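Below: the structure, in structure tokens.
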Amino acid sequence: MPSYAVLGATGNTGRAIVQVLLDRPDATIHAYCRSKEKLYRLCPGAETAKALSIFQGHLDDNGLIDECLRGTDAVFLVVAIVDNMPGCSIAMLTAQAVVASLQRLQSSSPGICLPRLVMISSASLEPSFCDDVPAPVHWILKTAVSHLYRDLAAAETFLRAQSDWLSATFVKPGGLVHDEARGHEVRLDRAQTPLSFLDLAAGMVEVADADDGRYHMRSVSVVPTSRNIYRGVSVAEGGEYIVGP
Numbered sequence: 001m002p003s004y005a006v007l008g009a010t011g012n013t014g015r016a017i018v019q020v021l022l023d024r025p026d027a028t029i030h031a032y033c034r035s036k037e038k039l040y041r042l043c044p045g046a047e048t049a050k051a052l053s054i055f056q057g058h059l060d061d062n063g064l065i066d067e068c069l070r071g072t073d074a075v076f077l078v079v080a081i082v083d084n085m086p087g088c089s090i091a092m093l094t095a096q097a098v099v100a101s102l103q104r105l106q107s108s109s110p111g112i113c114l115p116r117l118v119m120i121s122s123a124s125l126e127p128s129f130c131d132d133v134p135a136p137v138h139w140i141l142k143t144a145v146s147h148l149y150r151d152l153a154a155a156e157t158f159l160r161a162q163s164d165w166l167s168a169t170f171v172k173p174g175g176l177v178h179d180e181a182r183g184h185e186v187r188l189d190r191a192q193t194p195l196s197f198l199d200l201a202a203g204m205v206e207v208a209d210a211d212d213g214r215y216h217m218r219s220v221s222v223v224p225t226s227r228n229i230y231r232g233v234s235v236a237e238g239g240e241y242i243v244g245p
């Protein structure tokens, strides 16, 4: 039975991942969040799900995060903030907390199989994914959330520096909307807007389940396979870090 840790389980992407995993009878879920009551409120079925264990705390709680990651096959790094604040570092702090935890776990149990890391990022940080976005629009988007993107880029650089002992994948979607799941495809060459959070989540789980190394240290995107997608005003380039928790 595969086991997954979701760091940032109450955010838009995090709770979509939890919901996708709850629909699978074979999954064990470790949800890390600051408020289990919020998770219960936002994620139907979470309170009674036997396969779900909730770890309520902060990223600096070493013992708790160690227990959350212990024995998992994949870890989703989807902790989010809302504002584009100068000096914001939530993505980097999350990456550092996860790496430090895995170092502790490896030290205490040499030879253990470490989980694959799947980090949410943005298509705006992968120029080849944005070929269909007009240059002025791309510039506006990157400028509007420059501090968040700088944090994401730093976290990616940090995780890539661990490639000799960890496996990570950087999922870089286009604009996201709240809609039902309509089908998805994992791509290495492009992003597409809009994409629902549920389809993004399903794609991230697909990436996490790939145990053949095909996504090791790769940047990937998730694109919709349906054209019948809600196109509301909540579309945001770069997803979770712009739309907010």
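Take the sequence shown: its position 106, counted from the start at 1, is 106 in full-length UniProt numbering, and no numbers get skipped.
Yeah, the Cβ is synthetic: ideal placement off N, Cα and C, and Gly gets one too.
Since the structure is predicted, the reported quantities are computational estimates derived from the model, not experimental observations.
Self-check item: Beta-carbon proximity check, His147 vs Asn84, cutoff 7 angstroms
Solution: yes
Quiz item: In the DSSP assignment, what are the bridge partners of Arg187?
Solution: Ser221
Quiz item: Which residues in the same chain have their Cβ closer than 6 angstroms to the Cβ of Glu206, if we skip the five residues on either side of it in sequence?
Solution: Taken in chain order, the residues that qualify are Val186.
Self-check item: Delimiting residues of the beta strand (DSSP E) encompassing Thr28
Solution: First-last of the beta strand (DSSP E) with Thr28: Thr28 to Cys33.
Self-check item: Span separating the alpha-carbon of Gly175 from that of Asp131
Solution: 14 angstroms
Quiz item: Which residue from Arg116, Ala5 and Val177 puts its Cα closest to that of Leu198?
Solution: Val177
Quiz item: So what's Leu39 in DSSP terms, helix, strand or just coil?
Solution: helix
Quiz prompt | Paired residues, beta bridge with Leu7 - DSSP | solution = Tyr32 and Leu77
Quiz item: Helix, strand or coil: which one does DSSP assign to Thr169?
Solution: strand
Exercise. Going by CA-CA distance only, name the one from Val82, Leu59 and Ser219 that's closest to Ser123.
Key: According to the sequence provided, residue 123 is Ala. The question's Ser does not apply to it. Of the candidates Val82, Leu59 and Ser219, the one whose C-alpha sits nearest the C-alpha of Ala123 is Ser219.
Exercise. Starting from the C-beta of Thr28, find all residues in its chain whose C-beta is less than 6 angstroms away, skip the five residues before and the five after it, and write them out in chain order.
Key: Correct list, in chain order: Met1, Ser3 and Ala51.
Practice problem: Measure the Cβ-Cβ separation of Leu125 and Ala153 and say whether it is below 7 angstroms. | Solution: yes
Self-check item: Per-residue burial, Ala161 [other beta carbons within 10 Å of its own, 16 or more giving buried]
Solution: exposed
Quiz item: Are at least three pairs of beta-carbons, each pair with one atom in the stretch 51-71 and one in the stretch 92-103, less than 8 angstroms apart?
Solution: yes
Quiz item: Thinking C-beta only, is Ala5 closer than 7 angstroms to Val18?
Solution: no
Quiz item: For Ile90, which three-state DSSP category applies?
Solution: helix
Quiz item: In or out: Glu183 buried (at least 16 other Cβ within 10 Å) or exposed?
Solution: Residue 183 is actually Gly in this sequence, not Glu. It is exposed - the Cβ of Gly183 has fewer than 16 other Cβ atoms within 10 Å.
Quiz item: Is the beta carbon of Tyr40 sitting closer than 7 angstroms to the one on Leu7?
Solution: One thing to note: Tyr40 has its Cβ no nearer than 7 angstroms to the Cβ of Leu7.
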